[in-house]
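Engineer: Mapping of the sequence shown onto the numbering used here: position 6 corresponds to residue 233, and the numbering continues sequentially without gaps. Structure provided below as structure tokens; questions to follow.
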Amino acid sequence: MKKLLNTLLLTVFFVLGSVSGFLLPVYSYEVAQISGADTSADTVIADSQNDFSGVQGQDNWFYGYYTNCGNSSSFTQMTYDTSGWWEEAETQPPWTLLRYNGGNPSSNHCAVRRWISEVSGDIVITGRVNKNDTSGGDGITASILVDGVNVWSQDIAYNDSTGVTYEVNATVMLIL
């Protein structure tokens, strides 16, 4: 049975096993899938857009930011705003936030959507990332980390509303 993780990448930093995805400046993402290569049928195990909630850890999803981009040990959880997004601080700037379908990093922090895996083995992560607000900024960098290791990274130009699709093969270890 194939296991799938559906997730969105915005300002993305994913940690699998933990899978973390982070983005630098405003981005949007579409559903990404994580498939277990050792199974015979497709089974969705996580969907970052459909699973998005106002509760840290619900369905193993955590919303936060890295104070040191790319360093998973600098992960800090965000605060949920009842308007429907996670934010670094209730008083802005720095405007680091995550919504169900995107987010916004700041000049100091990478917005991170993190999923903690309950499975281990070979996986395939697929999806698309693009710049949502093409009227400004200087682009974004989207990255995917698996167990703290950067397995994919892509720069997206400030005016690139099309973005890129990606397919990443990785092995995730169960964290107990």
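The beta carbon of each residue, even a glycine, is placed where N, CA and C say it ideally should be. All values derive from a computational prediction rather than experimental measurement.
State the beta-bridge partners of Glu315 as determined by DSSP.
Structural biologist: Here residue 315 is taken as the residue at index 88 of the sequence shown, counted from 1. Paired residue(s): none; Glu315 is not in a bridge.
Engineer: Under the DSSP definition of a beta bridge, which residues are partnered with Asp365?
Structural biologist: Reading the sequence shown from its first residue, position 138 is the one you call residue 365. According to DSSP, which records beta bridges pairwise, Asp365 is partnered with nothing at all.
Engineer: Shortest alpha-carbon distance to Trp288 belongs to which of Met305, Gly297 and Ser300?
Structural biologist: As a working mapping, residue 288 is identified with position 61 in the sequence shown. Per the Cα distances, Met305.
Engineer: Buried or exposed: Gly329, going by 16 or more other Cβ atoms within 10 Å of its Cβ?
Structural biologist: Position 102 of the sequence shown, counted from the start, is the residue given in the question as residue 329. With 16 or more other Cβ atoms within 10 Å, it is buried.
Engineer: If you draw a straight line from the alpha carbon of Glu315 to that of Met400, how long is it in whole angstroms?
Structural biologist: In the sequence shown, counting from the first residue as 1, residue 315 sits at position 88. In the sequence shown, counting from the first residue as 1, residue 400 sits at position 173. Glu315 and Met400: Cα-Cα distance of roughly 29 Å.
Engineer: Measuring alpha carbon to alpha carbon, tell me which residue in Ile371, Leu372 and Asn357 is nearest Asp365.
Structural biologist: The sequence position of residue 365 within the sequence shown is 138, counting from 1. Measuring from the Cα of Asp365, the nearest candidate turns out to be Asn357.
Engineer: Give me the residue from His336, Ala338, Leu325 and Val395 with the minimum Cα distance to Val351.
Structural biologist: Here residue 351 corresponds to residue number 124 of the sequence shown, with the count starting at 1. Among His336, Ala338, Leu325 and Val395, the Cα nearest to that of Val351 belongs to Val395.
Engineer: DSSP on Asn298, reduced to helix/strand/coil?
Structural biologist: For the purposes of this step, residue 298 is identified with residue 71 of the sequence shown, where counting begins at 1. Asn298: coil per DSSP, three-state reduction.
Engineer: Please classify Asn287: does DSSP put it in a helix, a strand, or coil?
Structural biologist: Here residue 287 corresponds to residue number 60 of the sequence shown, with the count starting at 1. Asn287 falls in the helix class under three-state DSSP.
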